[in-house]
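Each remark here refers to the structure printed beneath this line.
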Amino acid sequence: MDSVPQTPRINARYLEAFKDHTVRVVGKVTDLRGNTATIEADGPIVVQLNRESHLQLNSAVEVVGKVNADLSIKIMLFTDFGKNFDYAAMDAVVDATHRYKEIFYSDT
1 MDSVPQTPRI
11 NARYLEAFKD
21 HTVRVVGKVT
31 DLRGNTATIE
41 ADGPIVVQLN
51 RESHLQLNSA
61 VEVVGKVNAD
71 LSIKIMLFTD
81 FGKNFDYAAM
91 DAVVDATHRY
101 KEIFYSDT
């Protein structure tokens, strides 16, 4: 049976631990400049955009992408959640993901 790629939910605190891994991050778009965006997810995260990326300033977005050596994320997919989003609830989900990681992802 084919395995489904893991995409653990992280925020800026976990970037270092997930270099070269595909992850999910939800945050608020705080800056857009050319081919990059900055999202706030318990700290700033630089996201390298692709041609299909049309992020909106001040919107909540979920980014799926690979963490680069410089701790930026190369975007693969994104979902716009709009401007009315409960960031505290998402922080709780990220916390639970790593507190009970055996449920959500493996270290391999």
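Using the UniProt record's numbering, read the sequence shown as starting at 1 and increasing by one per residue. Don't be surprised by glycine CBs; every beta carbon is placed ideally from N, CA and C.
Less than 6 Å between C-beta atoms, sequence neighbours within five positions excluded: which residues of the same chain meet that for residue i?
i     : result
Gly27 : Ile39, Glu40, Ala41
Val46 : Thr36, Thr38, Ser72
Is it buried or exposed, residue i, if we count other Cβ atoms within 10 angstroms and call 16 or more buried?
i           : result
residue 165 : Beyond the ends of the chain as shown, which are 1 and 108, falls residue 165; an answer cannot be given.
Leu15       : buried
Ala37       : buried
Look up residue i in the DSSP assignment and give the residues it is bridged to.
i     : result
Ala37 : Leu32, Val47
Leu77 : Val64
Return the CA-CA distance between residue i and residue j, expressed in angstroms with no decimal places.
i      : j     : result
His98  : Gly34 : 33 Å
Lys101 : Lys66 : 19 Å
Val94  : Ala17 : 14 Å
Got a sec? Which residues, its chain only, sit under 8 Å from residue i by beta carbon, not counting five neighbours each side?
i     : result
Gly43 : Asn11, Ala12, Arg13
Asp2  : With a pLDDT of 49 at Asp2, under the threshold of 50, the modelled position of that residue is not reliable, and the figure given next carries that caveat. Nothing listed; no residue qualifies.
Measuring CB atoms only, is the segment 58-74 touching the segment 16-27, in the sense that at least three cross pairs come out at less than 8 Å? yes
Does the segment 84-92 come close enough to the segment 47-56 that 3 or more CB-CB pairs lie under 8 Å? no
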